[in-house]
């Protein structure tokens, strides 16, 4: 009966722990909301405390000069900053050649500078790093129309603001520039389900990586499957897409099974955690009650 | 007195809870520190028969410890553990004497692992192997 | 029974019963003592747990830039329960700072820093700085993008000091930029030097506490001024008070258990709450990720540096603030200890805390 006579004053222990929880949870909630407001790398450079940090990272002379030029001379830099190339440290010289450290010689053709490619040179330009895709493209209906009104890489992917490829590139606005959307729609529909599987598995892998799980092998496997899948599009052949998608789905199933194993072990950890936290609370209660018998 | 009996009861509960807590903490720590076998070096190893000339020995790692493949001058091939049975030092092959010598306390073994002199109490353990198509598969 | 005979055997040799009477059952604490007084023992348990988990991590961790990240991946994925030990250590370090701030808060509110307890405050303040230092040095160990660049930002702030600034930065880093020499010295500091100094200071802090005697809580009494005559040394005793053992020891244990409930809750249910994704990407000296920020307890410092146009000014403001905090018992000499009867102090203290919280939140969003 006296168990119920807990004095309110002695609910003080609750106060420190609630404060600790509040103090720790606030940044968590804050982070969840601020995660949506991703800023570009440029904002980090405006703060004096971190300016020194970003200044220590070598920026190519191309960006240093063109970054401050107006209109169409500076526009590519702005576009590039939000690209997947910029995220991976690939600067202008990777495509356009030239010396990225020597401002005087950076645009010297004798030193390897390539300038902007002509329309028919574009596939080879991008194909230096993406040879597989270039091969698929050149063998496709699109590639065969190169230089005769057909699309180049840049037509669909842009040249400086190249983002990670996704099915969103196959859309009515983009494809109907040259022809009707019917066949493109058929291909996109055939790829939709596999694409969403890939995206789903990718986000689970990223989630696990943020928990410290070693996702290198899984990440690499998914990367290979994703590339294999995306090259399908450059073939622009509906029947082929459907056939390959089945094979790819099987591979994805294997990855899914592996991820499920990890998910199960993590669920087990949470159960153990429940017991641990419960146990600690039971201990706290017992110590508290024992203390009360001495007062 | 009511307080006394409550104190005893709580004391017993606490003792039990504390033992459980200690066990729940000790179990993961022991698991963390326990040596892990199996993952390291299991699986078979393959060598080419040409890798080991007559009268020579080749040392390698097998299942986490040192092992040796020896081909005698007579052409006989043997796979043995290279861990001396005396105190665990790794034996060396003496090409001129065609035997194994343990550098720690001068134990000697014949090429087939039998103890010829010195303190080792047992012969060198044999490791199963097979030969086919010019390949030696250990394990 | 056997236990009693063992106790008698020891008592005969070292006078254990006398010690128990003096330090445990006969050590009297004020009747009005509240739960905030138990935060010190919670801190000791946290420190002990950090030492134990740290030692366990040392079994598998390799302090070499080429191998550090992989060794931690190995601990997190391949060593049985490695994830538990690592997370306990990482979460524990954050909890240490949080509980330390609460402990400081209660000391400020109850005026326990006042005479004759100035030395206790000073040792405590030094411990506060050392804990920040051990957290900073430990942060670099995983050699992730977060470790590398947060350390770069943190060590950079010293560059604002006139004349010796840039040299100090190089001295801290062991080179012009964060690199292998930085890991070497930070590891030595984190694993040996700082723990030893912290342990020594904790011992001093406890000795001073025992020697001066525990203070009376200022609330719940009309007379909350404690004019200390300062004529000769005297121990503040509490005749008629409650014994430390078993009464307050049980309170300590209760608080420690509640701490464990919160701590284990975070370890098991919100493990990646304190980690950003950059914590799991190996360090790349040539690519600064966007949004690199220090840990939450340094965000206020970080934001202060961002506000002031001159880094030197930003740094000086912080040095002044910390100095005032360190010298608090010499600045605030009034004997009144009840916070409600110290309006000026309350306004300044609560105001200061709100500013710190505000800067921390701002630092997180900026």
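Protein chains in written order, with this note's numbering: chain H, 86 to 380; chain F, 81 to 219; chain E, 849 to 1214.
Here a beta-carbon is modelled for each residue, glycine too, at the ideal position from N, C-alpha and C.
Please read these numbers as outputs of a predicted model, since none were measured by experiment.
Quickly, what does DSSP pair residue i with across the bridge? List them, please.
{"i": "residue 51 (chain F)", "result": "Nothing can be reported for residue 51 (chain F): it is not among the residues displayed for chain F, which extend from 81 to 219."}
{"i": "residue 125 (chain F)", "result": "F:218"}
{"i": "residue 209 (chain F)", "result": "F:218"}
{"i": "residue 145 (chain F)", "result": "F:142"}
{"i": "residue 991 (chain E)", "result": "DSSP lists no partner for residue 991 (chain E)."}
{"i": "residue 876 (chain E)", "result": "E:1091"}
Taking the beta strand (DSSP E) that residue i belongs to, which residues open and close that run?
{"i": "residue 138 (chain F)", "result": "136 to 142"}
{"i": "residue 259 (chain F)", "result": "The requested residue 259 (chain F) does not occur in the structure, where chain F is confined to residues 81 to 219."}
{"i": "residue 161 (chain F)", "result": "157 to 161"}
{"i": "residue 173 (chain F)", "result": "172 to 174"}
Roughly how many whole angstroms lie between the Cα atoms of residue i and residue j?
{"i": "residue 218 (chain F)", "j": "residue 159 (chain F)", "result": "8 angstroms"}
{"i": "residue 1021 (chain E)", "j": "residue 900 (chain E)", "result": "27 angstroms"}
{"i": "residue 184 (chain H)", "j": "residue 195 (chain H)", "result": "11 angstroms"}
{"i": "residue 186 (chain H)", "j": "residue 1130 (chain E)", "result": "26 angstroms"}
{"i": "residue 341 (chain H)", "j": "residue 1154 (chain E)", "result": "45 angstroms"}
{"i": "residue 347 (chain H)", "j": "residue 124 (chain F)", "result": "29 angstroms"}
{"i": "residue 1006 (chain E)", "j": "residue 1026 (chain E)", "result": "14 angstroms"}
{"i": "residue 97 (chain F)", "j": "residue 1063 (chain E)", "result": "33 angstroms"}
{"i": "residue 192 (chain H)", "j": "residue 147 (chain H)", "result": "9 angstroms"}
{"i": "residue 966 (chain E)", "j": "residue 1002 (chain E)", "result": "31 angstroms"}
{"i": "residue 908 (chain E)", "j": "residue 88 (chain F)", "result": "44 angstroms"}
{"i": "residue 1069 (chain E)", "j": "residue 887 (chain E)", "result": "22 angstroms"}
{"i": "residue 864 (chain E)", "j": "residue 906 (chain E)", "result": "37 angstroms"}
{"i": "residue 1034 (chain E)", "j": "residue 1205 (chain E)", "result": "28 angstroms"}
{"i": "residue 1090 (chain E)", "j": "residue 934 (chain E)", "result": "40 angstroms"}
{"i": "residue 241 (chain H)", "j": "residue 144 (chain H)", "result": "28 angstroms"}
{"i": "residue 222 (chain H)", "j": "residue 273 (chain H)", "result": "17 angstroms"}
{"i": "residue 215 (chain F)", "j": "residue 129 (chain F)", "result": "5 angstroms"}
What residue does the alpha helix (DSSP H) around residue i start on, and which one ends it?
{"i": "residue 104 (chain F)", "result": "82 to 113"}
{"i": "residue 1063 (chain E)", "result": "No alpha helix (DSSP H) holds residue 1063 (chain E); DSSP gives it neither H nor E."}
{"i": "residue 884 (chain E)", "result": "Premise fails: residue 884 (chain E) is in no alpha helix (DSSP H) and is neither H nor E."}
{"i": "residue 1227 (chain E)", "result": "Residue 1227 (chain E) lies beyond the stretch modelled for chain E, which goes from 849 to 1214, so this question has no answer here."}
{"i": "residue 304 (chain H)", "result": "301 to 320"}
{"i": "residue 204 (chain F)", "result": "It is not in any alpha helix (DSSP H) - residue 204 (chain F) carries neither H nor E in the DSSP assignment."}
{"i": "residue 1194 (chain E)", "result": "1191 to 1213"}
{"i": "residue 359 (chain H)", "result": "323 to 379"}
{"i": "residue 918 (chain E)", "result": "916 to 925"}
{"i": "residue 193 (chain H)", "result": "First-last for residue 193 (chain H): undefined, no H or E at that position."}
{"i": "residue 944 (chain E)", "result": "930 to 958"}
{"i": "residue 218 (chain H)", "result": "216 to 223"}
{"i": "residue 1008 (chain E)", "result": "Where residue 1008 (chain E) is concerned, there is no enclosing alpha helix (DSSP H), given that its DSSP letter is neither H nor E."}
{"i": "residue 1030 (chain E)", "result": "1028 to 1036"}
{"i": "residue 1015 (chain E)", "result": "1013 to 1021"}
What did DSSP end up calling residue i once you bin it into helix, strand or coil?
{"i": "residue 151 (chain F)", "result": "strand"}
{"i": "residue 1184 (chain E)", "result": "strand"}
{"i": "residue 1073 (chain E)", "result": "strand"}
{"i": "residue 129 (chain H)", "result": "At residue 129 (chain H) the pLDDT is 34, less than 50, meaning the model places this residue with poor confidence and gives no usable figure here."}
{"i": "residue 104 (chain H)", "result": "Note that residue 104 (chain H) has pLDDT 49, beneath the 50 cutoff, so the model's placement of it is unreliable and the number below is only indicative. Three-state result, residue 104 (chain H): helix."}
{"i": "residue 1130 (chain E)", "result": "strand"}
{"i": "residue 1117 (chain E)", "result": "helix"}
{"i": "residue 167 (chain F)", "result": "coil"}
{"i": "residue 1149 (chain E)", "result": "helix"}
{"i": "residue 293 (chain H)", "result": "helix"}
{"i": "residue 909 (chain E)", "result": "coil"}
{"i": "residue 137 (chain H)", "result": "Unreliable positioning characterises residue 137 (chain H) in this predicted model, as indicated by a pLDDT of 35, which lies under 50. A coordinate reading is not provided."}
{"i": "residue 970 (chain E)", "result": "helix"}
{"i": "residue 1078 (chain E)", "result": "coil"}
{"i": "residue 1057 (chain E)", "result": "helix"}
Can you find a heavy atom of the ligand SAM that lies under 7 angstroms from the Cβ of residue i?
{"i": "residue 169 (chain H)", "result": "The ligand SAM is absent from the structure shown, which contains no ligands of any kind."}
Is any beta-carbon of chain A found at less than 8 angstroms from that of residue i?
{"i": "residue 321 (chain H)", "result": "Within the model displayed, chain A is absent; protein chains H, F and E are what it includes."}
Between the stretch 333 to 356 of chain H and chain E, which residues of the former have CB atoms less than 8 angstroms from a CB of the latter, in chain order? Residues of the stretch 333 to 356 of chain H with a C-beta less than 8 angstroms from any C-beta of chain E: 354, 355, listed in chain order.
May I ask you to list, following chain order, the residues of the stretch 1089 to 1106 of chain E that have a beta carbon less than 7 angstroms from some beta carbon of chain H? So the list reads 1094, 1095, 1098, 1099, 1101, 1102, 1103, 1105, 1106, given in the order they occur along the chain.
What residues from the stretch 152 to 169 of chain F come within 7 angstroms of chain E, judged by C-beta to C-beta, listed N to C? So the list is empty, because no residue satisfies the distance condition.
Got a sec: which bits of the stretch 367 to 379 of chain H sit with their beta carbon under 7 angstroms from any beta carbon on chain E, in order along the chain? Close to chain E, meaning a Cβ-Cβ distance shorter than 7 angstroms, are the following residues of the stretch 367 to 379 of chain H: 368, 369, 372, 373, 375, 376, 379.
Under 8 angstroms (Cβ pairs) to chain E, residues found in the stretch 88 to 109 of chain F: 108, 109: these are the residues of the stretch 88 to 109 of chain F whose beta carbon lies less than 8 angstroms from some beta carbon of chain E, given in chain order.
Using a beta-carbon distance cut-off of less than 9 angstroms, what residues from the stretch 294 to 310 of chain H approach chain E? Answer set for the stretch 294 to 310 of chain H: 294, 295, 296, 297, 298, 299, 300, 301.
Going along the chain, which residues of the stretch 888 to 910 of chain E sit with their C-beta nearer than 8 angstroms to a C-beta in chain F? Within the stretch 888 to 910 of chain E, the qualifying residues are 904, 907.
Tell me which residues of the stretch 1110 to 1130 of chain E have at least one Cβ-Cβ distance to chain H shorter than 9 angstroms, keeping chain order. Correct list: 1110, 1111, 1112, 1113, 1114, 1115, 1116, 1117, 1118, 1119, 1120, 1121, 1122, 1123, 1124, 1125, 1127, 1128, 1129.
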